[in-house]
Amino acid sequence: MGVALRDILLDYKNPVDWNELAGNCAVDGNNALYQFLTTIRQPDGTPLMDTGGRVTSHLSGLFFRLSNFLENGMHPVFIFDGKPPQFKSETIIIRREKKEKAKEAYMEAIAVGDTKEAFRQARSATKVDSEIIESSKKLLKLMGVPYFEAPGEGEAQAAVMAMSGDVKYSISQDYDSLLFGAPRLVRNMTVSRRRKVRGRTISVNPEKIVLSDVLSGLMITREELIEMGILIGTDFNEGVRGVGAKTALKIVREGKFAETVSEKLPGFDPDPVKEFFLNPPYSSDYNLEWKAVDFDGIIDYLCGDYEFSRGRIDAILEKLNVKQGQKTLEQWF
0 MGVALRDILL DYKNPVDWNE LAGNCAVDGN NALYQFLTTI RQPDGTPLMD
50 TGGRVTSHLS GLFFRLSNFL ENGMHPVFIF DGKPPQFKSE TIIIRREKKE
100 KAKEAYMEAI AVGDTKEAFR QARSATKVDS EIIESSKKLL KLMGVPYFEA
150 PGEGEAQAAV MAMSGDVKYS ISQDYDSLLF GAPRLVRNMT VSRRRKVRGR
200 TISVNPEKIV LSDVLSGLMI TREELIEMGI LIGTDFNEGV RGVGAKTALK
250 IVREGKFAET VSEKLPGFDP DPVKEFFLNP PYSSDYNLEW KAVDFDGIID
300 YLCGDYEFSR GRIDAILEKL NVKQGQKTLE QWF
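149 is the number that numbering that gives the first Met the number 0 gives to position 150 of the sequence shown; each next residue is one higher, with no gaps.
Below, the structure written as structure tokens:
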């Protein structure tokens, strides 16, 4: 879900054109797939599926976004979550329970014909399971895009890679990337340039957040930014009730973080969470090698296995071919 820092980051969100994003970039894979699964749905909340009932929303989103990335000279590497830290187990249990309740509410809404409520509950019940991830990895391979599993959190691995200079920036919707130290975070990479928010469609464009600008502008350190996250609530701890970004900023500026935690979260030790953000588990054993797009393989996989429209896939692949200066689709068949 990510830490709710939006209210203090508005002044640090810089619009960025797609043509400025060329180069290596690390994508929070689980975050991207979750986006696709929650947004690419029928009006009643039903995800896109083939005739066998297999979900295809994630493959649709992934294919079109990857094509857009490659057309714009971007070299993405997708990073998937590995083993979560022990102190995330409670969060995982709570989320699982909420998703089960949302699934029940979805079925009830469908039964009474309330499509608006059904759509809302379907999004809340979304899960990124192993089948979703494995089918996505196969498409990534066909698109020539490298991927690997992080030893811990995917966005933490992406942040470390950005800090080392192996990639120019991290891509994720979650602000946690900043707490993990990502020097540059890019959000809103939707191909359609539109997103549904509270039932209405709004226009969105890519935005870049530079961590050093945030820290200097707010006059805090990265450690204090992490303390703010702990007060607000992260994926690894429950925050202080009633404390949002602006209140958290005031508390850390006044040096009252420890005092507030002791008073409002008795029995909670913030140090393991803070240490996890500052020094997360990561791997240096990865190979950033981008390969040629397997046009035949993509058509067999998406159109053959998952029944995608051949016309739509052909059009995108032909556009990608022309952009890359390769031969046209007609020469491939």
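Don't be surprised by glycine CBs; every beta carbon is placed ideally from N, CA and C.
Source: prediction; values computed, not measured.
Using only CA atoms, which one of the options lies nearest to residue i?
{"i": "residue 62", "options": "45, 51, 39 and 83", "result": "39"}
{"i": "residue 2", "options": "224, 125, 32 and 284", "result": "224"}
{"i": "residue 245", "options": "235, 266 and 230", "result": "230"}
{"i": "residue 151", "options": "297, 51, 50 and 278", "result": "278"}
{"i": "residue 241", "options": "166, 93 and 259", "result": "259"}
{"i": "residue 290", "options": "138, 207 and 261", "result": "138"}
{"i": "residue 281", "options": "265, 93, 81 and 236", "result": "81"}
{"i": "residue 284", "options": "165, 262, 95 and 88", "result": "165"}
{"i": "residue 9", "options": "216, 261 and 320", "result": "216"}
{"i": "residue 286", "options": "160, 226, 51 and 88", "result": "160"}
{"i": "residue 5", "options": "261, 89, 320 and 243", "result": "243"}
{"i": "residue 270", "options": "226, 163, 237 and 95", "result": "226"}
Within this structure, are the beta carbons of residue i and residue j separated by less than 7 Å?
{"i": "residue 300", "j": "residue 141", "result": "yes"}
{"i": "residue 158", "j": "residue 180", "result": "yes"}
{"i": "residue 66", "j": "residue 315", "result": "yes"}
{"i": "residue 7", "j": "residue 248", "result": "yes"}
{"i": "residue 77", "j": "residue 146", "result": "yes"}
{"i": "residue 68", "j": "residue 148", "result": "no"}
{"i": "residue 333", "j": "residue 57", "result": "Because the chain here runs from 0 to 332, residue 333 falls outside it and cannot be looked at."}
{"i": "residue 15", "j": "residue 182", "result": "no"}
{"i": "residue 84", "j": "residue 267", "result": "no"}
{"i": "residue 60", "j": "residue 292", "result": "no"}
{"i": "residue 178", "j": "residue 228", "result": "yes"}
{"i": "residue 203", "j": "residue 189", "result": "yes"}
{"i": "residue 212", "j": "residue 11", "result": "yes"}
{"i": "residue 235", "j": "residue 272", "result": "yes"}
{"i": "residue 207", "j": "residue 13", "result": "yes"}
Mapping the DSSP letters down to three states, classify residue i as helix, strand or coil.
{"i": "residue 12", "result": "strand"}
{"i": "residue 27", "result": "strand"}
{"i": "residue 141", "result": "helix"}
{"i": "residue 20", "result": "coil"}
{"i": "residue 328", "result": "Low local confidence applies: a pLDDT of 41 at residue 328 is under 50, so the model's placement there is unreliable, and no value is given."}
{"i": "residue 188", "result": "coil"}
{"i": "residue 271", "result": "helix"}
{"i": "residue 233", "result": "strand"}
{"i": "residue 39", "result": "coil"}
{"i": "residue 240", "result": "coil"}
{"i": "residue 183", "result": "strand"}
{"i": "residue 168", "result": "strand"}
{"i": "residue 1", "result": "coil"}
{"i": "residue 337", "result": "Here the chain covers residues 0 to 332 and nothing more, so residue 337 does not appear."}
{"i": "residue 218", "result": "coil"}
{"i": "residue 282", "result": "coil"}
{"i": "residue 307", "result": "coil"}
{"i": "residue 253", "result": "coil"}
{"i": "residue 54", "result": "strand"}
{"i": "residue 33", "result": "helix"}
{"i": "residue 226", "result": "helix"}
{"i": "residue 152", "result": "coil"}
For residue i, collect the residues of the same chain with a Cβ closer than 6 Å to its Cβ; drop the 5 residues on either side in sequence, then sort them by chain order.
{"i": "residue 233", "result": "2"}
{"i": "residue 296", "result": "141"}
{"i": "residue 33", "result": "127"}
{"i": "residue 54", "result": "46 and 48"}
{"i": "residue 186", "result": "172 and 206"}
{"i": "residue 17", "result": "71"}
Excluding the five sequence neighbours on either side, which residues of its own chain have a C-beta within less than 7 Å of the C-beta of residue i, listed in chain order?
{"i": "residue 43", "result": "109, 114, 117 and 118"}
{"i": "residue 331", "result": "The predicted position of residue 331 is uncertain, since its pLDDT is 37 and thus under 50; a value taken from the coordinates is nonetheless stated next. If we look at residue 331 and ignore the five residues flanking it on each side, its Cβ neighbours are 294 and 295."}
{"i": "residue 105", "result": "44, 117, 120, 121 and 124"}
{"i": "residue 250", "result": "230, 256 and 259"}
{"i": "residue 41", "result": "none"}
{"i": "residue 288", "result": "145"}
{"i": "residue 162", "result": "180 and 182"}
For residue i, which residues in the same chain have their Cβ closer than 8 Å to its Cβ, ignoring the five residues on either side in sequence?
{"i": "residue 318", "result": "66 and 70"}
{"i": "residue 176", "result": "27, 154, 157, 158, 169 and 184"}
{"i": "residue 30", "result": "153, 154, 171, 172 and 173"}
{"i": "residue 218", "result": "252"}
{"i": "residue 302", "result": "308, 309 and 312"}
{"i": "residue 298", "result": "309, 312, 313 and 316"}
{"i": "residue 91", "result": "83"}
{"i": "residue 326", "result": "Here the model assigns residue 326 a pLDDT of 45, short of 50, so the residue's position is not dependable, and the following value carries that caveat. Excluding sequence neighbours, residue 326 sits near 320."}
Per the contact definition of three or more C-beta pairs closer than 8 Å, is the stretch 70-77 in contact with the stretch 16-28?
The stretch 16-28, when compared against the stretch 70-77, does touch it at the 8 Å Cβ threshold.
So, do the stretch 116-136 and the stretch 85-101 have three or more beta carbon pairs nearer to each other than 8 Å?
The stretch 116-136 vs the stretch 85-101: in contact.
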